[in-house]
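Just add 3 to the spot in the sequence shown (first one is 1) and you have the working numbering. Idealized CB from N, CA, C, for every residue including glycine. Please read the structure below before turning to the comments.
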Amino acid sequence: MLIFLHLGNTGSVFAQYSKLTGIVHDGATGKPVQYANVSLIYLADSSFYGAISDANGHFSIDHLSEGTCHLKVSFVGYRKFNKDTLIINKGRNTFGDIKLDILPENIDQITVTPNSSGIIYHVDRKVIQAQNFPEANVAMDLLENIPSLQLDFEGKLTYRGDGTFIVYINGHPVNNGEEKLRQIAAEDIDYVEVITNPSAKYDAEGTAGIIQVILKRNRLEGYLISTSAQVSSIGSYEWLFSIDEKGERGGWYLKSQLESYVRNRNTVTTNQKLFSENSENDIHSVIDRKETLGNNLLEFGFNYDLTEKDYIDLNMHVNPFKRSQFLVEKGAYDVSQITSGELTDEESYLFDSDFDLQYQYIGGTMSYEHAFTKDRTDMLSAYLTYSAYLSPLSESKTDLSIYEDYDEKKGYAGEEKGETFLKGSISYQNKISEKSSIDMGAEMSLDYLPTVNYTSGYFDNGTIIPFAGEPDDQKVEFKQNVYSGFLTFKSSFGKLEYMLGCRTEYTDRYSNYDYINDNGEWEFVPAKKTFIDFFPSFHSVYNFSEENQLSLSYSRRINRPDYWALIPMKRYESPYLYYTGNGNLNPSYASSFEVKYLYSWEKNFFSAELYGKTNENVLQNYYSRADENKLLWTKENVGNSTSIGTELMADIDILKWWNANLSTSLYWYHLDVDVDMDQHTEEKFRSDSRLNNTFKLSKTFTLRYNLTYRSPSVNAQLDREAYWYSDMSLRKYFDNRKWQVSLSWFNVFNTIKYHTISEGEGFYVDSYFEKDPYVTLKITYRLDNQN
């Protein structure tokens, strides 16, 4: 009885509490301001209460007492809003709309950007402000400012040792994410969010989390025309043009891109040893490599407010010319064979290789939103995207070996036909009480590639003759369909906000393989898997004050193998290396915990993050001996890994004209390898760091100098040594900021040089990489009459 009386008294006390709600808007555009800091300070005893606005600009402060307060609302790039005297009455108090005005120094910018730091921490994500990194060319360049985020040898983004990201653009997932990050011009980006522990609302794909690109969007009426040209000392060039027109209820935009981007130019020196009981093959090579991406895009978009509660956004994009990837390699090979301790054979030859990949895509997206209430707390959203090959993807590699008395050409040729990708979602969010809301929805992702075929062999007058004894006319049919549903619940208690989520996904995939065997007969090798997964998530944040926040989060994620890793066909890669896919690969799963603390003062901040992550069925490249002088590589589930560490970041205005941003990731990486007959442990303590220095030489002239350190890394078979590098850039505005000129120097001291060692049963590979420095010049012009 006493317990019930106590609970009754507690409920009576709670009922006497007051509550304050409101909505924060951009004063110019009327758009909601997310992550605005709302502070309430009682004049009588200086007690503090606070909150942060949500995605719709809403804020709510509970468990208040009656009294007179001072209200303050702030967000970077805006003037602070102050209400000196605010009387809190009993019950619910509704302040209404709060409009924030842009600071004078940001009025001539199309988007609001911070005055100092380029990276901001929020509850569940890191935000990279694009305009603070003028040396960036594309979205991928911006992500280099996260110390524990790196590109692996295949161009995949990894985080804290293992895992991959899925890419979102303006709130919606996209296919071929890393490719998209290399296409989006940095000048078109407002900011990039790195979400390492996403809630169940998001697609569970990507064991490292989500990278979300938020493009510049506004509702100012008028037009904006922007164009830029860029060239570099290593042969890159790019031209961009866009026009954006807005009216009272909607608008349209047109964007075009033409680019030849030299992604990599380096020299690789390799010593490869393949050995057995009585013999050893030594292969030494020095190869100069230049990889170029040919990107082109034509995009048209349209958005319109059908009514005050209905909004539609349409987009269509196409490659007007075939997109391409070229890799040119030139160098020399020295090969020797030792049998029973004696040199039995040796040869040397020059090497000239060309890789060529070309394709065209066409696609479109559509999103629709219906708000049942004016404040958008009760809303239905739908999204659909479609893309397909406009012409077949063609791929070939031709290796020319030049001996003293003859030449030899070999390689492979293949194509992919008819791929279609369809992804859609429908979701509903509702504020079910004064402090609680739910978000639920369903999604589907359908990927179908009906034909993939490759042939490896010798080239004779443009015709490929298959190698003897290898499969002929190899074909694969691939399909992967994912169906999912999610539910999240968000609420608050005093200064504590929390969100619970769950997500269920069903995956149905196959990669069926056909080929002609040595007897001239067709053989069929099926590979089919279906599985159901459950992904819970938890997020919370406690606001000690406006300057102090503590958050705790957990999520579970999945990484499904790419289609090319599942295609079980054998393919020539280089004179001493072959590749084959693996139709039996299992997905990788990651469970992540994060505890984050943020302290800020004036324009400065310090953040500390503790994290732990486990990965099951880690996906990595795996090598084995194919014969006496060749290696074979494939994707394998190599085992389970653990990462435990901390990430520290500080952003400080040392002087009025000098801002420093230091970030470092310190973590222990442990991998238990268990694949085939290989069982061993790899582990490494890593300490990746980056220091960004921004010097404001004048109001329109900025110098930026960055230092980056990459510590040694390991995986199942490979060790890479540490290296460091530095970049420098100058940015100057002219004619009231209509013109912008940027001059950037990458790898200033030519220090991107490192060794890798890869070893396994019967082989040892020692490689030395050296990446060339280069200079880039970019000129941008913007004509803006939006108001």
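Per DSSP, what kind of secondary structure is TYR566 in: helix, strand or coil?
Mapped onto the sequence shown, residue 566 falls at position 563. Helix.
Rounded C-beta distance between PHE462 and LYS413? I'm assuming under 8 Å.
As a position in the sequence shown, residue 462 is number 459, starting the count at 1. As a position in the sequence shown, residue 413 is number 410, starting the count at 1. About 7 Å separates the two Cβ atoms, so the contact holds.
Buried or exposed: SER56, going by 16 or more other Cβ atoms within 10 Å of its Cβ?
As a working mapping, residue 56 is identified with position 53 in the sequence shown. Buried, by the Cβ-count rule.
Element boundaries [beta strand (DSSP E), containing ASP319]
As a first step, residue 319 must be located in the sequence shown, where it is residue number 316. Note that residue 319 corresponds to Met in the displayed sequence, not to Asp. Unbroken beta strand (DSSP E) run through MET319: 313-321.
With a Cβ-Cβ cutoff of 8 Å, do GLY504 and PHE527 count as a contact?
Residue numbering aside, residue 504 sits at position 501 when the sequence shown is read from its first letter. Residue numbering aside, residue 527 sits at position 524 when the sequence shown is read from its first letter. Cβ atoms of GLY504 and PHE527: not closer than 8 Å.
Counted within 10 angstroms of its Cβ, other Cβ atoms place ASP48 as buried (16 or more) or exposed:
Looking up residue 48 in the sequence shown gives position 45. With fewer than 16 Cβ atoms within 10 Å of its Cβ, ASP48 is classed as exposed.
Give me, in chain order, the residues of the same chain whose beta-carbon lies closer than 6 Å to that of LYS426; leave out the 5 immediate sequence neighbours on both sides.
Taking the first residue of the sequence shown as position 1, residue 426 is located at position 423. Closer than 6 Å at Cβ, skipping near neighbours: THR388, SER448.
Simplified DSSP assignment, three categories, for ALA719
Along the sequence shown, read from residue 1 onward, the residue named residue 719 stands at position 716. ALA719: coil per DSSP, three-state reduction.
Figure out for me which residue from ASN620, TYR708, LYS781 has the closest Cα to the Cα of TRP661.
Here residue 661 corresponds to residue number 658 of the sequence shown, with the count starting at 1. Of ASN620, TYR708, LYS781, the residue nearest in Cα terms is TYR708.
Residue burial classification, PRO578 (beta-carbon count within 10 angstroms, cutoff 16)
Residue mapping note: residue 578 aligns to position 575 of the sequence shown, counting from 1. Buried, since its Cβ has 16 or more Cβ neighbours within 10 Å.
Neighbourhood of SER343 by C-beta distance below 8 Å, restricted to the same chain and skipping five residues each side
Residue mapping note: residue 343 aligns to position 340 of the sequence shown, counting from 1. Excluding sequence neighbours, SER343 sits near ASN281, SER282.
Find the nearest neighbour of ASP378 within the set ASP206, ASP316, GLU311, ILE315, judged by alpha-carbon distance.
Numbered from its first residue, the sequence shown carries residue 378 at position 375. Minimum Cα distance to ASP378 is reached at GLU311.
Check whether ARG292 and ASN322 have beta carbons under 8 Å apart
Residue 292 sits at position 289 when you count from the first residue of the sequence shown. Residue 322 sits at position 319 when you count from the first residue of the sequence shown. No.
What is the rounded straight-line gap between the Cα of THR273 and the Cα of ASN267?
As a position in the sequence shown, residue 273 is number 270, starting the count at 1. As a position in the sequence shown, residue 267 is number 264, starting the count at 1. Taking the straight line from one Cα to the other gives about 18 Å.
Whole angstroms are fine: how far does the CA of LYS129 sit from the CA of LEU634?
Indexing the sequence shown from 1 puts residue 634 at position 631. Indexing the sequence shown from 1 puts residue 129 at position 126. Answer to the nearest angstrom: the Cα atoms are 41 Å apart.
Just the C-alpha distance for THR697 and ALA374, rounded to the nearest angstrom, thanks.
For this step, residue 697 is matched to residue 694 along the sequence shown. For this step, residue 374 is matched to residue 371 along the sequence shown. Between THR697 and ALA374, the C-alpha separation is close to 43 Å.
Less than 8 Å between the beta carbons of LEU218 and ASN173, yes or no?
The residue you call residue 218 lines up with position 215 of the sequence shown. The residue you call residue 173 lines up with position 170 of the sequence shown. Yes, the pair counts as a contact, with Cβ atoms nearer than the cut-off.
Relative to the alpha-carbon of GLY444, which residue among ASP29, TYR457, SER77, SER430 has its alpha-carbon at the smallest distance?
Position 441 of the sequence shown holds residue 444. Selected option, being the one with the closest Cα: SER430.
Using beta carbons (cut-off 8 Å, strictly below), is ASP144 in contact with chain B?
Going by chain labels, chain B is absent from the structure shown, which holds only one protein chain.
On the three-pair Cβ rule with 8 Å, is the segment 733-740 touching the segment 759-770?
no
Would ILE755 and TYR784 be called neighbours here (beta carbons separated by less than 8 Å)?
Stepping through the sequence shown from its first residue, residue 755 is reached at position 752. Stepping through the sequence shown from its first residue, residue 784 is reached at position 781. No.
Status (buried if at least 16 other CB within 10 Å, exposed otherwise) for PHE534:
One-based indexing of the sequence shown puts residue 534 at position 531. The residue is exposed, with fewer than 16 neighbouring Cβ atoms inside 10 Å.
Taking one C-beta from the segment 294-312 and one from the segment 257-265 each time, how about it: are there three or more such pairs within less than 8 Å?
yes
Please identify the residue among ILE405, LEU309, TYR371 whose C-alpha is closest to the C-alpha of TYR352.
Here residue 352 is taken as the residue at index 349 of the sequence shown, counted from 1. Checked all of ILE405, LEU309, TYR371; the closest Cα to TYR352 is ILE405.
Burial state of HIS683 (16 or more Cβ within 10 Å)
Against the sequence shown, residue 683 aligns to sequence position 680. Flag for HIS683 reads exposed.
For the segment 393-450, which segments carrying the beta strand (DSSP E) assignment without a break, of at least 3 residues, lie completely within its bounds, in sequence order?
410-420, 423-433
State the start and end residues of the unbroken beta strand (DSSP E) segment that holds ASP654.
Mapped onto the sequence shown, residue 654 falls at position 651. That run of the beta strand (DSSP E) goes 642-658.
Could you compute how far the alpha carbon of PHE547 sits from the alpha carbon of LEU601?
Within the sequence shown, residue 547 is the residue found at index 544, counting from 1. Within the sequence shown, residue 601 is the residue found at index 598, counting from 1. Looking at the two C-alpha atoms, the distance is approximately 10 Å.
Go through its chain and collect everything with a Cβ distance to LYS276's Cβ below 8 Å, but skip five positions before and after it.
Within the sequence shown, numbered from 1, the residue matching residue 276 stands at position 273. Cβ neighbours of LYS276 beyond the five flanking positions: GLU283, ASN284, ASP285, ILE286, PHE766, TYR767, VAL768.
Considering only residues of the same chain and omitting the five flanking positions on each side of GLU724, which have a CB-CB separation below 6 Å?
Taking the first residue of the sequence shown as position 1, residue 724 is located at position 721. So the list reads PRO715, TYR757, HIS758, once near-sequence residues are dropped.
For LYS687, does the three-state DSSP call read helix, strand or coil?
Taking the first residue of the sequence shown as position 1, residue 687 is located at position 684. In this structure, LYS687 counts as strand in the three-state DSSP scheme.
For MET382, which three-state DSSP category applies?
Numbered from 1 along the sequence shown, position 379 holds the residue referred to as residue 382. Strand at MET382.
Can you grab the Cα-Cα spacing for the pair LEU10 / ILE44, in whole Å?
Here residue 10 is taken as the residue at index 7 of the sequence shown, counted from 1. Here residue 44 is taken as the residue at index 41 of the sequence shown, counted from 1. Unreliable placement is indicated for LEU10, whose pLDDT of 33 sits below 50; the coordinate value is still reported in the next sentence. Cα to Cα, LEU10 sits roughly 30 Å from ILE44.
Going by DSSP, what residues sit across from ASP675 in a beta bridge?
Taking the sequence shown and counting its residues from 1, one reaches residue 675 at position 672. Answer is ASN643, THR684, bridged to ASP675.
For LYS735, which three-state DSSP category applies?
Start at 1 with the first residue of the sequence shown, and residue 735 comes out as number 732. Strand at LYS735.
In chain order, what residues of the same chain have a beta carbon less than 6 Å from the beta carbon of GLU500, not counting five sequence neighbours either side?
Within the sequence shown, the letter at position 497 stands for residue 500. For GLU500, where only same-chain residues beyond five positions count, the Cβ hits under 6 Å are VAL544.
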